[in-house]
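Participant:
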Amino acid sequence: MARVLRVLTQLMGWACVMIGLFHVALGNAAIPGAGSAGTTVDSWGRFMGASFAGYGLAWLWAARQSPIPARAVRWLAGVFLLGGVGRLLSLAVHGWPQWFQIALAVIEIILPPVFFWLADAEERALHSDPESGIPRGGAMRTRTRT
């Protein structure tokens with residue numbers, strides 16, 4: 093389970109960074125079904141793309157820790173779930189969006205519980221077997237004062 097958590101955390105991070113940069117670069121053209129939403133929405137979309145890229149970097153930071161911090165995974169997954177809830181709220185208020193947005197909403201509702209379930213997999217593995225072989229590369233360093 094620890095390996096699954098590490099792979100999913102890295103995949104989530106890289107996907108969010110790439111999607112965010114895609115939105116920064118393309119603006120309205122990056123949003124399926126949006127057409128020409130105007131300059132205000134384009135500006136907002138590019139800003140949110142940068143924010144989403146930063147969110148992806150937070151996932152990648154978590155993936156580089158050893159063990160991956162369960163608390164960070166739960167917070168990041170909670171933010172992702174909140175985005176899915178926002179999509180459901182939009183659906184309730186405005187109706188069905190373009191099909192790709194529906195697919196994203198499904199991912200944003202289904203994936204967070206998986207992360208909540210896996211969040212402490214590396215921490216549990218480390219506590220049950222200190223020689224568990226959890227990757228140490230990129231681990232958070234601690235300083236000792238002399």
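For the sequence shown, counting from 1, position 40 maps to 132 in the numbering used here; every step adds exactly one.
All residues carry an ideal CB built from backbone N, CA and C; glycine is no exception.
In whole angstroms, give me the CA-to-CA distance for Val185 and Ala155.
Facilitator: Taking the straight line from one Cα to the other gives about 36 Å.
Participant: Nearest-angstrom Cα distance between Val116 and Phe139?
Facilitator: Val116 and Phe139: Cα-Cα distance of roughly 7 Å.
Participant: Taking buried to mean at least 16 other C-beta atoms within 10 Å of its own C-beta, is Gly170 buried or exposed?
Facilitator: Result: exposed.
Participant: Using the beta-carbon count (16 or more within 10 Å), is Thr101 buried or exposed?
Facilitator: Buried is the call here.
Participant: Please say whether Ala162 and Asp212 have beta carbons closer to each other than 8 Å?
Facilitator: Yes, Cβ-Cβ distance for Asp212 and Ala162 is below 8 Å.
Participant: Output the distance between the C-alpha atoms of Leu183 and Pro189, rounded to the nearest integer angstrom.
Facilitator: In a straight line, the C-alpha of Leu183 is about 7 Å away from that of Pro189.
Participant: What would DSSP say about Gln157, mapped onto helix, strand or coil?
Facilitator: Three-state DSSP puts Gln157 in coil, outside helix and strand.
Participant: Inspect the CB distances between the stretch 125 to 132 and the stretch 141 to 157 and report whether three or more fall short of 8 Å.
Facilitator: No: fewer than three Cβ pairs fall under 8 Å.
Participant: If we call anything under 8 Å between Cβ atoms a contact, is Leu174 one with Ala150?
Facilitator: Against a cut-off of 8 Å, the Cβ pair of Ala150 and Leu174 comes out as no contact.
Participant: Expressed to the nearest angstrom, what Euclidean distance is found between the alpha-carbon atoms of Leu181 and Ile202?
Facilitator: So the two alpha carbons sit approximately 16 Å from each other.
Participant: Please go through the same chain and pick out, in chain order, the residues whose beta-carbon is closer than 6 Å to the beta-carbon of Thr131, but skip the five residues on each side of it.
Facilitator: So the list is empty, once near-sequence residues are dropped.
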